[in-house]
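Residue numbers (full-length UniProt numbering): 1 to 661. Note that the Cβ used here is the ideal one computed from N, Cα and C, for glycine as well. Since the model is a prediction, treat every value here as computed from it, not as a measurement. Report on the following structure.
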C-alpha cells in the first residue's frame, strides 16, 4: 500500500468524526454531511454495533506446547468462542410494526375501499386523511416507480408520494409511460395464491417423482429396500438409446419383459409388478399424448451452453434480485438465485419462493436447491419444472454451515454417496432442464475426495459441476487450491467443470482459466463473513472482460449504491416497509464492500482476497467513509440514499465469521 495513505485506527476515526461534526457536511456527492447526524441518531435511540473487534490469536499461538496462558478457564472461553463463531443467533430484527404503527388498508391504497378483502374485520386504516397525518415525512421529491413505469402502485403510502399525489391525495398516473409497460412481465417465477393453496393442502401432483420413489422402495438384489441404485439405470439406457439405429427404436420402446432383459434395469424409474401382483393402470381423462407416454432422453434435454462465461455464484442474503441486476449491468453472463430449502418450497412458504424470482434482464438464470433426502429433492425438482422458468437447477453440496450439515444436507452429502446418487438421479429424471452440482474439495481439510466423486456425478446424469477449492473445515480461511481443481478438471472430462474461489481480479480469472476449467464462478456461497469477488467489487466482471484494473472513484461507487437502492425500491416497494427492507440489504452489502481497497492506493497490484485491509485515508471523504468497518458509518451511507433511519433502529450484520488468517 502507498505509505502516504496509511493511517492508524485513531487517525482514521478522528478524520471521520471531524468531517461529520457540526460545520463539516457530507452529502450525496461525497462532499457534505447533514449536521449533527450522529447526535440526532443518539437522541432518537438509534442503536448500532461498533466496529468488529480485532481477530483473537489462537490459544496454541499464545502459549507453549498448545497450552493457553489462561488455564482451563481460558480454554473453555476459547471453545465457546469457536462454537459461536460466525453465528449471530441473537440478531435484532426490526419488523414492519416497529417503524409503522398505523398502516393504510391495501384496498384504499388501490382506490377501491368499498371492496376491502377483510370487510368489517379489517384492522387497517380506511381514513386516508388520518393516515397522512401520522405518516412519516417523505424522503424525496422523486419516485423511481413513477419515473420508470408512469405509476406508483403504493399511492399515498409511498415515501416519495409528493411526486405523484394530486388534490385529495389522488394518485396520479402518466398514461403514456404506463401504456408502454402494460402487459409486460418484469419479474417472473412468482408464487400464485392457487399454487400456494395446493401446496399447503398437499394437493399438488408429483407423478414423476412418486414413480421414481416407488422404484427406490422396491427390493433390489438381496431383498434390501432403498439401497444403492441399480447399475443398469434408466439414464444409462437412455444414453445408449441416443446412439441406437433408427430401426431398433421400436424394440427399445417395448417392455423389458418382452425384450428378454432384466426387469430390474428400469427399477429407478418405475415399480415393476412382482409375484402375483397385477399391473395397475392409471385411468386418464381425455386423450393421452406422446408427451405423456415418452420421457425425454438425455440427448434430447436442453443443453447448458455456458462454457467460458462469467457465472455469478448463488449468494445467500446478498445475492438478491437487485444485486444481480447490478452485476448484470457490469457484464455477468450467468446468474443464479439464492439457496432455497426444498422443504420450505414444498410447504408453499412465500419467503422461500421469493428467492426464485427472475428479472427479465437475466437471460441465463438458474436456481439452487438444498436438501438431504431424495423424496423432498425430487418432488421439489418436479414442482419447479412445472411452475417456474429457469435454464438450469443447481444442487448445493458445498454449504458448510452446521445448521445444514447436521441435517445431512450441503457438504454432508459428499459422505453420503447413496443418498447423493439417489438425489441426482431422481432430480435428473423429472427435470427438462440441465442439472448442475456445486461441491467442495471434501469435508476434512487434508482429505480431498472431490476427484473421486466427480466421475460418479457425471455418470448419474449431471450436466456440470462447480468446484469450490476449499474443504468444509477450511470454510473461507485458506486460499483456494487451484492445483487440485485442475486435477478434478481431468477427472470430470468431458463434463464441464467451473472453478470457484479467490477470484478478485482479471489476473486471478486468467490463472483459473489456465487450469483448464470451463469457466469461473465469481463471488461465493455467502454464509459467513468471508468476503468474496463480486460482493467486494461487482465491477469485477467488467475488469475481466476488458482485461484491466479499474481505478473506480468514490462517486462511481456511490452511483452503484444508488442503482441498487432504486432496484430495491422497484422490487421491495417504495412504502416504509419496502424502504427499510432495501436499507437492510444495502447495509448487509456494505459490510462486504468496506473490504475493497481502491486501485490508486495500492503499490502492488492486484489486491489479494484474503489480505486484511489496513486503516487508510482515501483520496476524498466518501472514499474514507466507504472503507470504514463501523456499523454506524454504514448507516450514515444508507441515510444519504434512503433518508434518516426510524427511531430505535438497530442493525447487526448477518455474516461475521473471519475470512482472514
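| Query | Result |
| --- | --- |
| Could one say the Cβ of residue 187 lies closer than 8 Å to chain C's Cβ atoms, at least one of them? | Judged by its chain identifiers, the structure shown contains no chain C, having just a single protein chain. |
| To the nearest angstrom, how far is it from the Cα of residue 598 to the Cα of residue 652? | 26 Å |
| How would you call residue 667, buried or exposed, if buried means at least 16 neighbouring beta carbons within 10 angstroms? | Any question about residue 667 goes unanswered here, given that the chain covers just 1 to 661. |
| Is the beta carbon of residue 99 within less than 7 Å of some heavy atom of the ligand MG? | The ligand MG is not part of this structure, which contains no ligands at all. |
| Rounded to whole angstroms, what is the Cα-Cα separation between residue 346 and residue 354? | 13 Å |
| Using a threshold of 8 Å, state whether the C-beta atoms of residue 416 and residue 408 are closer than that. | yes |
| Give, in chain order, every unbroken run of the alpha helix (DSSP H) that is at least 4 residues long and sits entirely within the region 446 to 493. | 450 to 460 and 482 to 492 |
| Would residue 311 and residue 520 be called neighbours here (beta carbons separated by less than 8 Å)? | yes |
| Taking the C-alpha atoms as reference points, what is the distance between residue 426 and residue 374? | 7 Å |
| DSSP on residue 132, reduced to helix/strand/coil? | helix |
| If we count Cβ pairs, one from each stretch, closer than 8 Å, do we get three or more for the region 166 to 178 versus the region 144 to 152? | yes |
| According to the neighbour-count rule (16 or more other Cβ atoms, all chains shown, within 10 Å of its Cβ), is residue 604 buried or exposed? | exposed |
| Could you name the residues of the same chain whose beta carbon sits closer than 6 Å to that of residue 190, not counting the 5 residues immediately before and after it, in chain order? | none |
| On the DSSP bridge list, what partners appear for residue 311? | 334 and 521 |
| Note down the Cα distance separating residue 109 from residue 321, rounded to an integer number of angstroms. | 25 Å |
| Got a sec, what are the start and stop residues for the beta strand (DSSP E) residue 440 sits in? | 435 to 440 |
| Could you give the residue range of the alpha helix (DSSP H) that holds residue 540? | 540 to 546 |
| Below 8 Å, how does it come out for the region 133 to 142 and the region 117 to 124: are there three or more Cβ pairs, yes or no? | no |
| Going by C-alpha to C-alpha distance, which of 641, 631 and 498 sits closest to residue 650? | 631 |
| Do you know how far the Cα of residue 412 is from the Cα of residue 4? | 48 Å |
| Is residue 15 helix, strand or coil by DSSP? | helix |
| If you drop the 5 nearest sequence neighbours on each side, which residues of the same chain put their C-beta closer than 7 Å to that of residue 107? | 113, 115, 116 and 117 |
| Which one or two residues does DSSP pair with residue 368 in a beta bridge? | 339 and 394 |
| Could you please give the first and the last residue of the uninterrupted beta strand (DSSP E) stretch that includes residue 498? | 497 to 500 |
| What does the alpha-carbon distance come out to for the pair residue 534 and residue 541? | 8 Å |
| Along the chain, where does the alpha helix (DSSP H) containing residue 572 start, and where does it finish? | 554 to 572 |
| Roughly how far, in whole angstroms, is the beta-carbon of residue 304 from the beta-carbon of residue 463, given that I think they are within contact range, below 8 Å? | 5 Å |
| Identify the residues that DSSP records as bridge partners of residue 188: which are they? | 358 |
| Spell out the partners DSSP gives residue 171 in its beta bridges. | 165 |
| Just mark residue 607 as buried or exposed, buried being the case when its beta carbon has 16 or more other beta carbons within 10 Å. | buried |
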